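Numbering (the UniProt record's numbering), first residue to last: 1 to 319.
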C-alpha cells in the first residue's frame, strides 16, 4: 500500500480529498460554494466631498478678505478737505517736536521769519548788510515740495495732503554744501500695502537734488534736474511715517590724476572694421567726459535705520 503524505503547504487547499471505504480509496473533490455576485449600492446624487471642498474655499476667501482689510491702507481724506487740514495741523506739531528738527532749528537762520542784520561785526552802517545766516552754519528753508508753482503743474501736485508728502522741513548748510530734509510719506504713496513705492521715493530724491542745484532762491528749471539718478533700496520704507533725507555734493567723477586716453593708440582690429565707430559695437569711441558734479543722498528713518541710498549726476555747464 502506498501512503499519501500530507502537503507541506498546509495553507493550500487540496484539489481532492482521499477517503477509505471498504478497503478502497475513494477520491472526491471538495464542495465549493458558488460565489454570489453582490450588487453595489447605488451612489447618491449628492456627494459629501463637494460640501467639504466648498467649505475650504469659503474659508480661504474669508481669510484673504480679512487680511486685505487689516493690511490695506486706511481710508485717507482727500487733499484740501476739512479732515485733511486737521491731520496736517497735527503733523505740523509732530514734525516740529522731532529731535533733529529742534536741534537744527536752534543753530539755523530762517529765511522767511528772521530779519537781516544791518549792523554788527564787519558790517558798515550803510543801507546794505548781511543776513544773520552769516553767523550760523544752517539755514532753514521755506521748503514745501507740493505748494510751489512749478510743482502744482507736475506729478507733485497729486502727492499733496496727508496721503502724500504732507509736511516737510529742510535745512541747508552753505559751507558744507549739505541739505537735511524731514519729509512725511503718506499712505497714498504705497505700492505694496504699508510700504512706500520706489518711484515715489525716487521722485523725492530728484526734487530735493534739484533744489540743491538751484540754491536757496530761484525757481527749479529743467537744467536743475539730474542727468542720471541711481537708487539702491536697502530696506523697506514704510508709509505713514517721517523720514530724514540727507544729501551733499561730491567732487567731480573724473579726477585730475586720471590719465586721459591716448588718441594715437592703434585701435583693436575687428572683422567689422568697415563699419563706422558709431555702428560697430565692438569699438569704443573715445571722448572726453564732460565735467560733472555728484550729489550723494540717503533716506533714514527717525530711529536712524538706513533705507535708501541715491546718487545723482549733474553736468557742470547746467549749474
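The beta-carbon is built from N, C-alpha and C at its ideal position, and this holds for glycine as well. All figures in this text were calculated on a predicted structure; none of them were measured in a lab.
Exercise. Relative to the alpha-carbon of residue 230, which residue among 298, 175 and 215 has its alpha-carbon at the smallest distance?
Worked result: Here residue 230 corresponds to residue number 230 of the chain shown, with the count starting at 1. Here the closest residue by C-alpha is 298.
Exercise. Based on the DSSP secondary-structure assignment, which residues constitute the bridge partners of residue 228?
Worked result: Here residue 228 corresponds to residue number 228 of the chain shown, with the count starting at 1. Answer by DSSP bridge pairing, in chain order: 313.
For this session: Quick one: grab the DSSP three-state call for residue 210.
Result: The count along the chain shown starts at 1 and reaches residue 210 at position 210. Looking at residue 210 - three-state DSSP - the assignment turns out to be helix.
Exercise. Which partner residues of residue 171 appear in the DSSP bridge assignment?
Worked result: Here residue 171 refers to the residue found at position 171 of the chain shown. Answer is 140 and 180.
Exercise. Out of 136, 159, 181 and 108, which has the shortest C-alpha to C-alpha gap to residue 143?
Worked result: Numbered from 1 along the chain shown, position 143 holds the residue referred to as residue 143. Taking the Cα of residue 143 as reference, the smallest distance to any Cα among 136, 159, 181 and 108 is reached at 181.
Problem set entry | Cβ neighbours of residue 63 in the same chain (closer than 8 Å, five flanking residues each side left out) | Looking up residue 63 in the chain shown gives position 63. Once the five neighbours on either side are set aside, residue 63 has no close Cβ partner at all.
Problem set entry | Cβ-based neighbour list, residue 263, same chain, cut-off 6 Å, excluding 5 preceding and 5 following | In the chain shown, residue 263 corresponds to position 263, counting from 1. Below a pLDDT of 50, predicted positions are generally treated as unreliable, and residue 263, at 41, falls in that range; no measurement from the model is reported.
For this session: Give the C-beta separation of residue 185 and residue 239 to the nearest angstrom, bearing in mind that I take them to be a contact with Cβ-Cβ under 8 Å.
Result: Within the chain shown, residue 185 is the residue found at index 185, counting from 1. Within the chain shown, residue 239 is the residue found at index 239, counting from 1. The C-beta distance from residue 185 to residue 239 rounds to 5 Å, short enough to meet the 8 Å contact threshold.
Exercise. If you draw a straight line from the C-alpha of residue 52 to the C-alpha of residue 58, how long is it?
Worked result: Looking up residue 52 in the chain shown gives position 52. Looking up residue 58 in the chain shown gives position 58. In a straight line, the C-alpha of residue 52 is about 10 Å away from that of residue 58.
Problem set entry | Buried/exposed call for residue 170, threshold 16 Cβ in 10 Å | Numbered from its first residue, the chain shown carries residue 170 at position 170. It is buried - the Cβ of residue 170 has at least 16 other Cβ atoms within 10 Å.
Exercise. Which one or two residues does DSSP pair with residue 300 in a beta bridge?
Worked result: Locating residue 300 in the chain shown gives position 300, counting from the first residue. DSSP output for residue 300 lists 244 and 306 as bridge partner(s).
Exercise. How long is the line joining the alpha carbons of residue 54 and residue 48, rounded to whole angstroms?
Worked result: Stepping through the chain shown from its first residue, residue 54 is reached at position 54. Stepping through the chain shown from its first residue, residue 48 is reached at position 48. Cα to Cα, residue 54 sits roughly 10 Å from residue 48.
For this session: Name the one or two DSSP bridge partners that residue 201 has.
Result: Sequence index remark: in the chain shown, residue 201 carries index 201 (1-based). Residue 201 has no beta-bridge partner at all, per DSSP.
For this session: Please go through the same chain and pick out, in chain order, the residues whose beta-carbon is closer than 8 Å to the beta-carbon of residue 197, but skip the five residues on each side of it.
Result: The residue you call residue 197 lines up with position 197 of the chain shown. Annotation for residue 197: 189, 190 and 191 place their beta carbon closer than 8 Å to its own, counting only its chain and skipping 5 residues before and after.
For this session: With a threshold of 16 other CB atoms inside 10 Å of the CB of residue 245, please say whether the residue is buried or exposed.
Result: Counted from its first residue, the chain shown places residue 245 at position 245. Residue 245 is buried by the Cβ-count criterion.
Problem set entry | For residue 263, three-class secondary structure by DSSP | For the purposes of this step, residue 263 is taken as residue 263 along the chain shown, with counting starting at 1. Note that residue 263 scores a pLDDT of 41, beneath 50, so its modelled location is shaky and nothing firm can be said.
Exercise. Anyone know if the C-beta pair for residue 205 and residue 312 falls short of 9 Å?
Worked result: Counting from one through the chain shown, the residue named residue 205 turns up at place 205. Counting from one through the chain shown, the residue named residue 312 turns up at place 312. When the beta-carbon positions are compared, residue 205 and residue 312 come within less than 9 Å of each other.
Exercise. Would a C-beta distance cut-off of 9 Å place residue 183 and residue 232 closer than the cut-off?
Worked result: For this step, residue 183 is matched to residue 183 along the chain shown. For this step, residue 232 is matched to residue 232 along the chain shown. Not closer than 9 Å, so no.
For this session: Spatial neighbours of residue 195 within its chain, please: CB distance less than 8 Å, with the 5 preceding and 5 following residues excluded, ordered by chain position.
Result: Taking the chain shown and counting its residues from 1, the one referred to as residue 195 is at position 195. Setting aside the 5 residues that flank it on each side, residue 195 is surrounded in the same chain by 236, 237, 238 and 239, each with a C-beta closer than 8 Å to its C-beta; the list follows chain order.
Exercise. Could you give the distance in angstroms between the alpha-carbon of residue 165 and the alpha-carbon of residue 200?
Worked result: Position 165 of the chain shown holds residue 165. Position 200 of the chain shown holds residue 200. The straight-line gap from Cα to Cα measures roughly 10 Å.
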